[in-house]
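First up is the structure itself, then whatever we jot down about it.
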Amino acid sequence: MSPASLPGMHLARFQTAADAPPQVGLSNGEGGIVALGTAGDGLTLSDLLHADDPAGRVAACPSGETFALADVRLLPPVERQEVWAAGVTYKRSQVARMSESEAAADHYDRVYTAARPEIFFKSTAGRVVADGEPIRVRSDSRWTVPEPELTLLVAPDGRIVGYAVGDDVSARDIEGENPLYLPQAKTYDGSCALGSTVLLAEGPLDLPATTITLTIERDGATAYEDRTDLSQMKRSLEELVAWLTKEYSIPDGAALMTGTGLVPPDQFTLEQGDVVTIKIAGVGTLRNPVTRG
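Just so you know, we're using numbering that gives the first Met the number 0 here: the sequence shown kicks off at 0 and counts up by one.
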């Protein structure tokens with residue numbers, strides 16, 4: 000699902016060459032992307048996150064050159080923004096986290112129903128994997144899975160400015176061994192991927208209609224596929240943002256992954272050469288090959 004085939008206002012960061020400055024463009028609905036301004040002097044993602052009216056800011060920006068998507072390199076939708084993540088926001092995630100660690104099962108059970116959600120740091124902007132680039136399995140992990148997640152682009156004042164597709168790649172065996180190993184299970188090179196398109200938030204999402212589909216291909220065949228939708232989330236998107244920003248300032252804004260409701264069976268682990276595809280209806284698609292560290 001390319002940005003050209005999606006309804007709504009879809010933005011993307013891109014480069015026209017490896018040494019060219021990143022630009023922000025708007026899908027024209029015809030397989031192309033219209034630069035917002037000129038290279039080196041155009042609209043930035045940070046501009047949108049700081050704007051009182053992001054949609055109006057886009058509309059007021061002069062249109063630059065139009066590029067075919069095939070002729071540009073699409074970049075992750077973060078510049079200086081940190082990436083954070085929320086956990087155990089779906090019932091399926093609660094069950095999976097309890098099963099991976101007997102010692103911590105009670106903690107995961109309680110956090111699902113607690114007032115305070117699980118929020119953790121995931122990645123700096125420079126470490127985010129782009130669409131089409133490889134995600135990684137840690138060399139010391141025997142059980143790693145993708146976690147498809149709606150990702151919010153959040154303004155410094157806590158407003159949700161846009162939506163993107165995210166993959167919170169996780170080493171379940173490392174986390175299951177000891178919950179204190181969560182940073183090593185969740186935060187390492189190649190563990191965070193974000194889709195290239197951002198759906199500008201011009202109104203609330205239709206949660207039941209916003210389906211998330213995870214497909215894992217192995218040797219040219221589908222090894223795993225399942226789907227869920229945002230109505231299965233225990234917490235609201237606004238609630239998660241409120242907890243992230245409760246005692247933590249985000250002067251550049253942030254990206255916030257909102258948890259997963261799709262977890263492959265316990266006997267499944269990502270392998271070298273797999274391809275992971277995540278589709279979120281109306282938002283976009285993220286597709287990454289898998290490599291082992």
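From the three backbone atoms N, C-alpha and C, an ideal C-beta is built for every residue, glycine too.
{"query": "My output table needs one value for W83: the three-state DSSP class, helix, strand or coil.", "result": "strand"}
{"query": "Between the region 204-213 and the region 223-234, do at least 3 Cβ pairs fall closer than 8 Å?", "result": "yes"}
{"query": "What three-state label does DSSP hand E270 in the structure shown?", "result": "coil"}
{"query": "Going by beta carbon distance, what residues of the same chain come within less than 6 Å of Q231, once the five residues before and after it are set aside?", "result": "Y89, G260"}
{"query": "Using CA coordinates, which residue listed in D108, G24, G39 is at the minimum distance from I32?", "result": "G24"}
{"query": "By Cβ distance below 8 Å, which residues in the same chain neighbour V144 in space, the five residues on each side in sequence not counted?", "result": "V168, S169, R171, V262, P263, F267, T268, L269"}
{"query": "Hey, could you find the ends of the beta strand (DSSP E) G63 is sitting in?", "result": "62-67"}
{"query": "Taking all protein chains shown into account, decide if T284 is buried (16 or more other Cβ within 10 angstroms of its Cβ) or exposed.", "result": "buried"}
{"query": "Between G86, G292, R12, D40, which lies nearest to V71 when the distance is taken from Cα to Cα?", "result": "R12"}
{"query": "Could you tell me how far apart the beta carbons of Y162 and V197 are, in whole angstroms, since I believe they sit closer than 8 Å?", "result": "7 Å"}
{"query": "At what residue ranges does the region 12-37 contain a whole run of the beta strand (DSSP E), taking only runs of 3 or more?", "result": "22-26, 31-35"}
{"query": "Can you grab the Cα-Cα spacing for the pair E148 / G131, in whole Å?", "result": "17 Å"}
{"query": "From R137 to L181, what does the alpha carbon distance come to, in whole angstroms?", "result": "13 Å"}
{"query": "In whole angstroms, what is the alpha-carbon distance linking L151 and G28?", "result": "23 Å"}
{"query": "Could you tell me the distance, in whole angstroms, from the CA atom of P133 to the CA atom of S26?", "result": "25 Å"}
{"query": "By the three-class DSSP mapping on this structure, what secondary structure does E176 have?", "result": "helix"}
{"query": "Given this structure, state the Cα-to-Cα distance separating E216 from S190, to the nearest angstrom.", "result": "18 Å"}
{"query": "Give me the residue from G175, Y107, L206, L68 with the minimum Cα distance to D265.", "result": "G175"}
{"query": "Check whether the Cβ atoms of A34 and E78 sit closer than 8 Å, and answer yes or no.", "result": "no"}
{"query": "Using three-state DSSP, classify A113 as helix, strand or coil.", "result": "coil"}
{"query": "On a Cα-Cα basis, can you pick out the residue from P178, G281, L47 that is closest to A253?", "result": "L47"}
{"query": "How far does the alpha helix (DSSP H) with P207 in it reach, from first residue to last?", "result": "No alpha helix (DSSP H) holds P207; DSSP gives it neither H nor E."}
{"query": "Considering only residues of the same chain and omitting the five flanking positions on each side of V57, which have a CB-CB separation below 8 Å?", "result": "M8, L10, L25, L35, L42, L47, L199"}
{"query": "Which of helix, strand or coil does DSSP assign to G281?", "result": "coil"}
{"query": "Grouping DSSP H, G and I as helix and E and B as strand, with all else coil, what is A192?", "result": "strand"}
{"query": "Please check the pair V82 and Y111, which I expect to be a contact at CB under 8 Å, by giving their CB distance rounded to whole angstroms.", "result": "Not a contact, Cβ separation roughly 23 Å."}
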